[in-house]
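Heads up, the sequence shown is in the working numbering, so the first residue is 270 and it goes up one at a time. From the three backbone atoms N, C-alpha and C, an ideal C-beta is built for every residue, glycine too. Just so you know, these numbers come straight off a predicted model, no measurement behind them. Structure record follows, encoded as structure tokens.
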Amino acid sequence: MHVTILGGAGFLGRKLAERIAAEGNLAGRAISAMTLLDQVRATPPRAAFPVTVIEAGLDNFETLRTAMPEGTGVVFHLAAVVSAQAEADFHLGMRVNIEGTRNVLAAAAALKAPPRLVFTSSVATYSGGQDAVITDATRQVPANSYGAQKIIGELMVHDHTRKGFVDGISLRLPTIVVRPGRPNRAASSFASSILREPFLGEEAALPVPEDFALFIASPRSAVGWLLHAAGLATGAVGLDRSINPPGIRATTGEMLAALVAAGGDRGRVKRVDDKEIFDVVSPWPAKFDTARARALGFAPQPPLNEIIGAFLEDDLAATRALRTAGS
Ligand SMILES: NC(=O)c1ccc[n+]([C@@H]2O[C@H](COP(=O)([O-])OP(=O)(O)OC[C@H]3O[C@@H](n4cnc5c(N)ncnc54)[C@H](O)[C@@H]3O)[C@@H](O)[C@H]2O)c1
270 MHVTILGGAG FLGRKLAERI AAEGNLAGRA ISAMTLLDQV RATPPRAAFP
320 VTVIEAGLDN FETLRTAMPE GTGVVFHLAA VVSAQAEADF HLGMRVNIEG
370 TRNVLAAAAA LKAPPRLVFT SSVATYSGGQ DAVITDATRQ VPANSYGAQK
420 IIGELMVHDH TRKGFVDGIS LRLPTIVVRP GRPNRAASSF ASSILREPFL
470 GEEAALPVPE DFALFIASPR SAVGWLLHAA GLATGAVGLD RSINPPGIRA
520 TTGEMLAALV AAGGDRGRVK RVDDKEIFDV VSPWPAKFDT ARARALGFAP
570 QPPLNEIIGA FLEDDLAATR ALRTAGS
């Protein structure tokens, strides 16, 4: 089986590619080849099968077809303009997150056998803020353009699935921490910065109060969920192909306490006012009842110390090396 990762140079795309390369199979099937497409050149992981890297956007149908040759069994669609950037550049967000996703679905639908298509949606599709409790039945009312674009993506995946063009699953990912490397243009980037920068001897800005909670998960959990979604028997999923995976709720104060428990210096974290970021993240809910995902076998996110431990074990050394190299 051929596997395609769109957004293969990104934070989660890279980790997913490495895990698939290490395991050599996916959804119980041996992998014959993998393609990583991204507008930024992806670094192919060491693998026992050929890995093709395509440096391209989502705007060209033929390029997307090349990235998904006949025999493609699973497509992971992770390429996106993320939250703060989609808010700052509305038209770019529309072009990539909606038109790009439409192109991806058209290319996947052109395959003779409908592939499993795993699309990464987001908790940012919800609003209601700190007091809201999101269940599997809660209506999505987005409070920013990124959330609206992700809902449209989910609906496109839903309808392409209903038509039998693809076999889709959308995962509404929590905020994934700790993001290695440099901060990105996600509005929630601070949640990673406050747990990453102190270990690098750098300062991090906290644009929300310490009682502000987020719904979070580790990259290990996110990759595990993506792999689980790739092999999920969809009989039990039914018509609703969007799933809220079981992350955890944590306040930034709890995150800072976990930082200290892991040996990090919370003195490096400075409270700042940043209205632009606060306006994007403040409507995001943090309390989720994820009964459906648990019933479908998505593994619950372990407590906060796992999240920090995963960063220290998997990513701190590489992030430090990148900083030393000046990137
Ligand atoms: N990381 C999180 O906290 C989080 C939370 C919820 C949802 N998500 C979603 O998960 C997915 C992966 O997130 P991530 O953190 O790895 O993001 P990321 O920004 O690290 O990776 C996204 C990748 O998409 C690529 N990309 C952007 N526009 C493109 C285009 N036009 N053509 C081709 N490639 C393009 C970027 O170059 C980047 O490598 C995204 O869809 C994101 O919206 C992430």
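Check: residue i C-beta below 7 Å from any heavy atom of ligand 1
i, result
"Val365", "yes"
"Gly276", "yes"
"Val350", "yes"
"Ile445", "yes"
"Phe280", "yes"
"Ser462", "no"
"Ser391", "yes"
"Asp584", "no"
"Asn453", "yes"
"Ser457", "yes"
"Leu386", "no"
"Gln418", "no"
"Val309", "yes"
"Pro442", "Strictly speaking, residue 442 in this sequence is Leu, with Pro absent from that position. Yes, ligand 1 has a heavy atom inside 7 Å of this Cβ."
"Leu483", "no"
"Gly342", "no"
"Gly369", "yes"
"Leu347", "yes"
Pairwise C-alpha distance: residue j and residue i
i, j, result
"Ala530", "Ala579", "14 Å"
"Leu573", "Thr312", "30 Å"
"Arg520", "His360", "Reading off the sequence shown, one finds Thr at residue 520, where the question assumed Arg. Each residue's Cα considered, the two are about 33 Å apart."
"Ala594", "Ser490", "29 Å"
"Leu525", "Asp534", "9 Å"
"Phe468", "Pro383", "45 Å"
"Leu501", "Glu582", "29 Å"
"Val538", "Glu471", "9 Å"
"Glu287", "Leu347", "15 Å"
"Glu545", "Pro319", "43 Å"
"Ala317", "Ala290", "7 Å"
"Ile577", "Pro443", "16 Å"
"Ala355", "Leu285", "24 Å"
"Ser458", "Thr321", "30 Å"
"Thr332", "Ala325", "8 Å"
"Glu523", "Ala568", "22 Å"
"Gly277", "Asp307", "6 Å"
"Arg510", "Ser391", "14 Å"
"His351", "Tyr415", "Contrary to the premise, residue 351 reads as Val rather than His in this sequence. One C-alpha to the other measures close to 7 Å."
Bounding residues of the alpha helix (DSSP H) (the contiguous stretch that carries residue i)
i, result
"Ser490", "488-500"
"Ala460", "458-465"
"Val447", "Counting along the chain, Val447 falls outside any alpha helix (DSSP H), and DSSP gives it neither H nor E."
"Val426", "414-431"
"Gly282", "280-292"
"Val550", "544-550"
"Asp480", "Counting along the chain, Asp480 falls outside any alpha helix (DSSP H), and DSSP gives it neither H nor E."
"Arg561", "560-564"
"Arg315", "Note, Arg315: premise wrong, no alpha helix (DSSP H); not H, not E."
N- and C-terminal bounds of the beta strand (DSSP E) containing residue i
i, result
"Ser439", "436-442"
"Leu275", "271-275"
"Leu475", "473-475"
"Thr520", "517-520"
"Glu324", "320-324"
"Leu305", "302-307"
"Thr335", "Counting along the chain, Thr335 falls outside any beta strand (DSSP E), though it belongs to the alpha helix (DSSP H) covering 330-336."
"Lys539", "538-540"
"Thr341", "341-346"
Heavy atom of ligand 2 within 7 Å of residue i beta-carbon
i, result
"Gly326", "As for ligand 2, it is missing from this structure, which binds only ligand 1."
Cβ of residue i within 8 Å of any chain C Cβ
i, result
"Arg540", "This model lacks chain C altogether, as it is built from one protein chain only."
Quick check for students: name the residue ranges of the alpha helix (DSSP H) that lie wholly in the region 350-392, counting only runs of 4 or more. Within the region 350-392, the runs of alpha helix (DSSP H) at least 4 residues long that lie entirely inside it are, in chain order, 352-357, 359-362, 370-378.
Would you call the region 483-494 in contact with the region 555-575, where contact means no fewer than 3 C-beta pairs closer than 8 Å? Segments in contact, yes.
Any 3 or more C-beta pairs closer than 8 Å across the region 353-369 and the region 430-450: With fewer than three CB-CB distances shorter than 8 Å, the region 353-369 does not count as touching the region 430-450.
Indicate whether the contact test is met: 3 or more Cβ pairs, each with one atom in the region 398-408 and one in the region 460-479, closer than 8 Å. Judged by Cβ distances under 8 Å, the region 398-408 makes no contact with the region 460-479, as fewer than three pairs qualify.
For the region 371-386 against the region 330-346, are there 3 or more C-beta pairs whose distance is under 8 Å? Three or more pairs of CB atoms, one per stretch, sit closer than 8 Å, so the region 371-386 contacts the region 330-346.
Any contact of the region 468-484 with the region 409-429, i.e. 3+ C-beta pairs under 8 Å? With a cut-off of 8 Å on Cβ pairs, the region 468-484 is not in contact with the region 409-429, counting fewer than three such pairs.
Quick check: the region 290-304 against the region 502-521, are there 3 or more CB pairs under 8 Å? No: the two stretches stay apart, fewer than three of their Cβ pairs being nearer than 8 Å.
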